[in-house]
Structure formats: C-alpha cells, structure tokens
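Chains as they are written, first to last, in the working numbering: chain A, 3 to 432; chain B, 191 to 403. Even for Gly, the Cβ is constructed at its ideal location relative to N, Cα and C. This structure is a prediction, so every number in the text was calculated from the model and none was measured. Report on one structure; see the data block that follows.
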Amino acid sequence: MTSGPAGKVAKSVSLSCPSCGAPIDLRGYFHTVNVACAHCGAILDARTPTLTILQKFEKQTSIQPAIPLGSRGKLNGIDFEVIGYQLRQIVSDGVAYQWSEYLLFNPFQGYRYLTEYRGHWNFGRTLNALPAMQMGLRRTASVGAQVYRHFQTANAQTVYVLGEFPWQVRVGDEVSAADYVAAPFLLSSETTADEVVWSTAVYTDGRALWQAFQLPGSPPPVSGVYENQPSPYKGKVGSVWKTYFLLLIALIVAAIVLPTMINRNQKVFDRDYVFNGHPNGDSSFVTQPFELDGRTSSVEIKTITNLDNDWAYFHYALINQDTGHAFDFGREVSKFSDEGSKEDRVIVPSVASGKYYLRIEPEMDTNSPTLRFGRSLRYEVIVTRDPPVYWFFLVAFFLLLIPPIYVTIQAMKFEGARWAESDYGSGGSA
Amino acid sequence: MSERVSNCPGCGAPIKFLWSSAIQTTCEFCKSILVRTDVDLEKVGQVADLPPDASPIQIGTEGVHRNRPFTVIGRIVYEYQQGYWNEWHLIFNDGTSGWLSDAQLDYAVSYLWQPPSPLPPASNCNRQASFQWNGATYQVTVITTAHYVGVQGELPFKYWDKSDCLFVDLRTTDARFATIDYTETPPILFVGEAIDFADLHLKNLRQFDGWTQ
Chain A
3 MTSGPAGKVA
13 KSVSLSCPSC
23 GAPIDLRGYF
33 HTVNVACAHC
43 GAILDARTPT
53 LTILQKFEKQ
63 TSIQPAIPLG
73 SRGKLNGIDF
83 EVIGYQLRQI
93 VSDGVAYQWS
103 EYLLFNPFQG
113 YRYLTEYRGH
123 WNFGRTLNAL
133 PAMQMGLRRT
143 ASVGAQVYRH
153 FQTANAQTVY
163 VLGEFPWQVR
173 VGDEVSAADY
183 VAAPFLLSSE
193 TTADEVVWST
203 AVYTDGRALW
213 QAFQLPGSPP
223 PVSGVYENQP
233 SPYKGKVGSV
243 WKTYFLLLIA
253 LIVAAIVLPT
263 MINRNQKVFD
273 RDYVFNGHPN
283 GDSSFVTQPF
293 ELDGRTSSVE
303 IKTITNLDND
313 WAYFHYALIN
323 QDTGHAFDFG
333 REVSKFSDEG
343 SKEDRVIVPS
353 VASGKYYLRI
363 EPEMDTNSPT
373 LRFGRSLRYE
383 VIVTRDPPVY
393 WFFLVAFFLL
403 LIPPIYVTIQ
413 AMKFEGARWA
423 ESDYGSGGSA
Chain B
191 MSERVSNCPG
201 CGAPIKFLWS
211 SAIQTTCEFC
221 KSILVRTDVD
231 LEKVGQVADL
241 PPDASPIQIG
251 TEGVHRNRPF
261 TVIGRIVYEY
271 QQGYWNEWHL
281 IFNDGTSGWL
291 SDAQLDYAVS
301 YLWQPPSPLP
311 PASNCNRQAS
321 FQWNGATYQV
331 TVITTAHYVG
341 VQGELPFKYW
351 DKSDCLFVDL
361 RTTDARFATI
371 DYTETPPILF
381 VGEAIDFADL
391 HLKNLRQFDG
401 WTQ
C-alpha cells in the first residue's frame with residue numbers, strides 16, 4: 003500500500019535505561035506510556051525523551067517470560083508482537099496464586115492479551131460493550147447471547163513488570179478482578195477507582211501458541227482444571243445418553259420379538275391336583291408322561307396354588323422315562339397377606355428331548371391353617387418346553403447403563419474440579 | 191461559500207477545502223488556524239507542533255462505516271493520563287460529517303446528535319448516571335479530563351485554544367458508544383459505536399516499519 007500525503011513511516015526506537023544503562027527497544031511506538039527495563043526492572047516514563055525513572059528496585063528478581071518480549075506470532079490471522087509482561091497474583095488464605103499476562107501489539111489492530119496459569123492459556127481483548135448483569139444467588143453477566151457465570155472476585159496485584167504498556171503501570175498496582183465463565187470463554191472485569199475495564203478471552207492450547215510464535219521446546223505443562231477450560235466431556239454426556247436410549251429401545255424390541263422367533267414356548271403338560279395332607283404317609287406321585295421336543299433347551303415348571311396365609315413345599319423330579327435321568331428340585335410356595343405369591347415358576351436348563359414325567363411330593367405343616375380347618379391345597383402344574391428367557395435382556399439393560407453413567411460421573415467430576423477453585427467451591431481461593 | 195480554493199492569510203500558501211461545509215482548517219505550511227468568513231479566511235491562531243503519535247490513521251485515510259464511504263479530513267488531538275488520542279473528522283460521500291476516535295488503537299465512530307432532553311451539567315454527571323436514548327440505556331463508564339493539544343485540517347466548527355476538556359464516555363450492552371463533550375456550553379453529545387479496526391476497511395494508512403497491515 004502507499005503512504006498518504008502526510009505519511010511518515012513510523013520506526014521503533016532504541017534508547018538506554020537511565021538507571022542501569024541497558025538498551026531499551028520501544029516496540030509500541032508513541033502509544034507506550036511506561037516501559038520496564040528488562041535488565042534492572044526500573045519502570046520508566048516512555049513519553050519523556052530521557053526516560054524518567056518512575057519506579058526503581060533495590061533487588062530485582064529476574065523472571066524470564068515463557069514467551070520472550072519481541073516474539074511475533076499470527077493469532078486469528080493477525081500478526082502480534084509481545085511487548086509487555088506482568089506477573090500478577092491474588093493472595094488467598096496466605097497462599098499467593100500467580101499468573102502471567104503478556105501484552106500483544108499490532109500497530110493497526112491494537113492490543114490483545116495472553117494469560118497463562120499452570121499451563122492454561124487465554125487469548126483476550128478488551129470489550130467494547132457493557133455486559134448485562136443479573137444479580138441473584140449466582141451472579142451472571144451476559145454479552146450478546148452468551149451468558150457467563152460468576153466464578154471469582156479477588157484483588158489482583160502486580161508483582162513484576164517487564165517491557166512496554168500503553169498505560170501507567172507500577173509494581174504493587176492493585177485492582178479488584180472478577181471472572182465470569184462460559185467455557186471456553188472467559189469474561190473479566192478489572193475495577194479501579196476511576197474505571198471498570200471489561201475483557202473477554204478464549205481458552206487457547208499452549209501448543210498452538212508455541213507454533214504461532216515459533217518458540218523452541220514445548221509450553222509449560224498443564225496442571226489442574228482451569229476456570230474456563232472446555233470440558234472434554236462437554237456434549238458427550240448428552241450423546242452417550244442418547245445412544246443409551248436408542249440401544250434401550252432396540253433391546254426392548256429384541257426382548258419382544260426375539261423370543262417369539264427363537265423359543266418354542268410350547269405348553270406340554272397342565273394338570274390340577276388336590277392335597278389334603280398325609281399325616282403318616284408318602285404323598286408322592288408321578289404324572290402322565292409328556293414329550294419334550296426339539297433341541298436341548300430349558301423347561302419351565304409353573305406351580306399355581308390356592309394358598310392363603312399359608313405355605314407348602316413341593317419336591318419335584320423331572321425324570322426321563324427312557325434313561326431314568328432325573329432333575330431334582332424343591333420349591334417352596336408361601337403367601338402371607340402381602341408377602342410371597344401363590345405362584346412359583348422355575349426353569350430347568352438344558353433338558354434334552356425325550357419322554358419325561360414328573361414326580362411330585364407336596365408337603366405342608368400339619369398345623370397349617372389350610373389343613374387344620376379342613377380345607378384342601380389345590381394346585382395346578384404347568385410344564386412349558388423352551389419358554390422365553392429374559393435374564394439376558396436384564397443383564398444387557400444394566401451393562402448398557404455403564405457407559406452413560408461413567409461419562410456422566412466423569413463430566414460431573416470435571417465441573418466439580420472447575421468450580422472447586424471458585425468463590426462457590428469448598429476449596430475457594432477468594 | 192462556493193470558493194473551494196483560497197490563500198492562507200498568514201503565508202499566502204494555497205488552502206484547498208475538501209469539504210464545502212468546513213468552518214475551520216489549518217495551513218499545512220505555517221500551521222495557522224484559519225476560519226472561514228463570508229468573504230475570506232481569517233487567521234485566528236497558531237497550532238503548536240503536534241506531538242509525535244502512532245495512529246495508523248492520517249489525513250486522507252479512507253474507510254467505510256455502515257456501508258458509507260468516508261475520508262479523513264481533519265482531527266483534534268487531546269492528551270490524557272494514558273497518552274494522546276485523536277478525534278479524526280470524517281466526511282462521508284453524502285456530505286455529512288462524523289468522527290473516528292482512536293484512543294490507544296481503540297476505535298469508535300460517532301456522530302453529533304441532538305439529545306431529546308438537555309444534558310445534565312458536568313457536576314451532575316457521575317459514574318452512576320445513565321441515559322435512555324434511542325431505546326438503549328447508556329451508562330457512564332469513564333469521566334476523562336483531557337488537555338487540548340492541537341488541531342489539523344478541516345473541522346465542522348471553530349475549535350482552538352481549549353485548555354482542560356471534560357469528556358464523559360458512555361456505553362451500552364450492545365457496544366453502542368456516546369461521549370458528552372463539556373468543552374461547549376451547553377454540552378454537546380456524540381453517539382455511535384465502538385468498532386473493530388478490520389470493520390473500518392481503511393485505506394491510505396500510515397506505514398509502520400516491519401509491519402504490514
């Protein structure tokens with residue numbers, strides 16, 4: 003592009019620190035108000051030709067920012083140069099939590115910020131609109147359609163300064179800083195006596211920054227969960243439950259359809275019996291034989307009684323007429339007011355085909371109300387070949403629940419870790 | 191006021207007006223502040239050298255605001271605690287004028303606007319104040335005491351030799367912006383919006399060594 007009629011090409015300036023003599027490069031042109039000497043830390047007035055000393059330190063702890071001053075990188079398609087660095091902190095319960103703030107500059111686009119705390123990076127800029135505040139139990143602030151939840155309010159103190167700033171900056175500066183989160187976005191306010199400055203930021207991957215600024219090595223390791231760090235489970239909770247419900251519907255359909263296709267469910271025997279008690283004798287008897295057809299499969303024996311506030315015990319044997327092979331089992335049927343059932347159902351698994359009969363031996367307490375009052379135990383025995391089996395579907399139902407419950411718990415744990423550091427968490431640091 | 195070219199009464203240099211409604215301009219050569227009268231140009235003052243600044247905008251910069259092309263034809267320079275800021279005077283291709291403020295590369299476009307009711311005196315305009323204009327709530331965000339530094343180029347009114355200037359900035363929740371200028375009596379109001387550099391589509395900008403726009 004061509005320069006205009008009054009166009010003078012602006013150049014960066016090199017000066018020397020009046021406190022220690024170290025060279026000072028001014029990268030922010032005439033916007034720069036204060037510059038902190040990289041060598042001795044003295045804060046200088048960049049608007050005076052001699053760089054008047056504004057603040058000076060006896061003992062300077064030298065901090066090397068992870069992204070050096072003068073680094074240039076393209077962020078969101080715009081070139082930015084790192085021109086300033088601040089180490090800031092909040093103190094909570096005597097513990098200082100420190101984070102880094104980098105000031106980025108482009109002579110056309112203006113200023114942006116990068117912040118870093120324990121490997122968590124945010125790329126931000128000042129906000130031109132006023133957020134709409136909603137007070138209440140949990141404060142929120144809205145910018146456009148985006149609603150941010152209040153996270154923390156604390157006093158932020160500047161503890162170390164390096165490079166240039168287009169505003170007055172001193173070590174010891176203190177502001178009231180409030181953060182509102184809507185991961186991956188962050189809304190922050192800094193309140194001084196004169197002004198409230200709002201800014202928005204987006205959570206940014208450190209590796210992407212290292213690539214953008216072409217820095218050697220790797221970014222500081224990430225530790226903990228940060229206030230606006232996007233949850234790795236975001237969106238997954240909904241989708242895993244959606245998948246679960248789809249599978250559940252498939253399972254229910256399968257439970258209805260599959261048994262009719264696979265199981266013979268054939269009633270092969272059905273008889274009514276009466277038992278009046280045999281005080282001194284053997285009550286056992288055998289039934290007429292019945293045919294169990296088809297592949298080796300289960301057999302259901304159902305006992306339906308007229309028990310009322312009483313119990314009975316049935317010794318059963320399912321006996322192969324040809325081989326004499328017997329399946330022995332006992333069933334107790336009891337019905338007392340609301341407890342128990344008049345009916346009993348038992349499955350005998352893996353019964354080969356053949357001719358079978360049942361040996362049945364009912365048994366009751368001689369003092370049982372049924373027998374004492376001269377009534378009879380009436381019962382019906384129904385044998386069904388290859389009945390439908392549902393336990394498999396029940397197991398599948400519980401197995402299907404594992405992934406959605408696991409993801410839901412992990413997502414809740416992540417949010418718990420996020421909010422634990424807020425003003426609303428048990429480990430709140432403000 | 192049909193005369194578009196005159197001579198500077200201070201140094202005789204030709205003075206060319208880009209905007210027919212300009213009331214005031216400065217001579218590029220002798221830095222005289224010139225005010226248009228019915229017949230001629232009157233020298234009313236002298237601009238001190240403007241401080242070095244680093245605004246990418248200059249007289250002659252062109253841009254677009256809400257689909258209306260504009261040209262920068264003048265400016266007022268102020269100094270405040272955080273440095274200098276420029277109020278660039280814009281002339282749109284429909285002949286109207288507006289302002290592009292550049293404070294530390296924060297940009298806002300605004301227009302002179304007549305409020306429906308008189309503005310409160312400066313003493314009543316504090317940080318808690320808010321105003322209902324055009325269906326939006328404008329809240330006072332910052333009160334700035336600035337120093338007039340100088341003028342350059344064509345302006346829509348007479349403006350020179352100011353000293354302390356009180357400005358009240360207001361914002362809305364939808365990025366609208368307003369400034370009450372208490373250098374005039376009664377105070378005057380500019381309303382507009384904060385705007386991103388990229389959205390101004392600026393051309394003919396200053397150059398910065400080692401940077402491309």
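Residue-chain proximity (residue i, chain A), Cβ-Cβ < 8 Å
| i | result |
| --- | --- |
| leucine 395 (chain B) | yes |
| proline 246 (chain B) | yes |
| arginine 361 (chain B) | yes |
| alanine 384 (chain B) | yes |
| threonine 331 (chain B) | yes |
| alanine 365 (chain B) | yes |
| glutamine 272 (chain B) | yes |
| glutamine 403 (chain B) | yes |
| phenylalanine 398 (chain B) | yes |
| phenylalanine 260 (chain B) | no |
| phenylalanine 219 (chain B) | no |
8 Å Cβ cutoff met for residue i and residue j
| i | j | result |
| --- | --- | --- |
| aspartate 354 (chain B) | threonine 335 (chain B) | yes |
| leucine 320 (chain A) | tyrosine 275 (chain A) | no |
| leucine 309 (chain B) | leucine 379 (chain B) | yes |
| histidine 317 (chain A) | glutamate 365 (chain A) | yes |
| tyrosine 162 (chain A) | glutamine 88 (chain A) | yes |
| proline 321 (chain B) | leucine 345 (chain B) | At residue 321 (chain B) the sequence reads phenylalanine, which differs from the proline that was named. Going by C-beta atoms, phenylalanine 321 (chain B) is not nearer than 8 Å to leucine 345 (chain B). |
| leucine 28 (chain A) | serine 18 (chain A) | no |
| arginine 258 (chain B) | tryptophan 278 (chain B) | no |
| proline 168 (chain A) | histidine 41 (chain A) | no |
| glycine 208 (chain A) | tryptophan 123 (chain A) | yes |
| valine 348 (chain A) | phenylalanine 329 (chain A) | no |
| tyrosine 235 (chain A) | alanine 422 (chain A) | no |
| glutamate 269 (chain B) | valine 195 (chain B) | no |
| glutamine 397 (chain B) | leucine 240 (chain B) | no |
| arginine 120 (chain A) | serine 233 (chain A) | no |
Chain B contact for residue i (CB, 8 Å cutoff)
| i | result |
| --- | --- |
| glutamate 2 (chain A) | The first residue shown for chain A is 3 and the last is 432, placing residue 2 (chain A) beyond what the model contains. |
| phenylalanine 32 (chain A) | yes |
| phenylalanine 416 (chain A) | no |
| valine 37 (chain A) | no |
| serine 73 (chain A) | no |
| proline 133 (chain A) | yes |
| valine 163 (chain A) | no |
| asparagine 130 (chain A) | yes |
| serine 14 (chain A) | yes |
| serine 21 (chain A) | no |
| valine 11 (chain A) | yes |
Residue i: first and last residue of the uninterrupted alpha helix (DSSP H) it sits in
| i | result |
| --- | --- |
| asparagine 397 (chain B) | Looking at the sequence itself, residue 397 (chain B) is glutamine, so the reference to asparagine does not match. Unbroken run through glutamine 397 (chain B): none, as it is neither H nor E. |
| leucine 403 (chain A) | 393–422 |
| glutamine 213 (chain A) | 208–214 |
| proline 371 (chain A) | 371–374 |
Delimiting residues of the beta strand (DSSP E) encompassing residue i
| i | result |
| --- | --- |
| lysine 58 (chain A) | Careful: lysine 58 (chain A) lies outside any beta strand (DSSP E) and carries neither H nor E. |
| tyrosine 235 (chain A) | Unbroken run through tyrosine 235 (chain A): none, as it is neither H nor E. |
| tryptophan 303 (chain B) | 296–303 |
| asparagine 278 (chain A) | Here asparagine 278 (chain A) belongs to no beta strand (DSSP E), and DSSP marks it neither H nor E. |
| glycine 75 (chain A) | 74–77 |
| isoleucine 384 (chain A) | 379–387 |
| histidine 327 (chain A) | Element bounds for histidine 327 (chain A): n/a, residue is neither H nor E. |
| threonine 117 (chain A) | 112–119 |
| threonine 215 (chain B) | 214–216 |
| cysteine 355 (chain B) | 354–361 |
The ligand FMN heavy atom lying under 7 Å from the CB of residue i
| i | result |
| --- | --- |
| alanine 398 (chain A) | The ligand FMN is not among the ligands present in this structure, which contains no ligands whatsoever. |
Integer-rounded CB distance, given that residue j should sit under 8 Å from residue i
| i | j | result |
| --- | --- | --- |
| valine 461 (chain A) | leucine 189 (chain A) | Coverage of chain A is limited to positions 3 through 432, which leaves residue 461 (chain A) absent and any answer about it impossible. |
| tryptophan 350 (chain B) | isoleucine 223 (chain B) | 5 Å |
| lysine 337 (chain A) | aspartate 310 (chain A) | 6 Å |
| serine 286 (chain A) | isoleucine 384 (chain A) | Not confirmed; about 19 Å, so no contact. |
| tyrosine 297 (chain B) | isoleucine 385 (chain B) | 5 Å |
| glutamate 166 (chain A) | glycine 86 (chain A) | 5 Å |
Taking beta-carbon pairs under 7 Å, can you tell me which members of the region 289–314 of chain B lie near chain A? Gln294, Leu295 and Asp296
Taking a Cβ distance cut-off of 9 Å, strictly less, list which residues of the region 106–119 of chain A are near chain B, in chain order. Phe107, Asn108, Pro109, Phe110, Gln111, Gly112 and Tyr113
Residues in the region 41–53 of chain A having any Cβ partner in chain B nearer than 8 Å: Arg49
Using a Cβ-Cβ cutoff of 9 Å, what residues of the region 346–359 of chain B are near chain A? List them in chain order. none
Using a beta-carbon distance cut-off of less than 8 Å, what residues from the region 167–198 of chain A approach chain B? Pro168, Trp169, Gln170, Asp196, Glu197 and Val198
Just by C-beta distance, which residues in the region 224–254 of chain B are closer than 7 Å to chain A? Pro242, Asp243, Ala244, Pro246, Gln248, Ile249, Gly250 and Thr251
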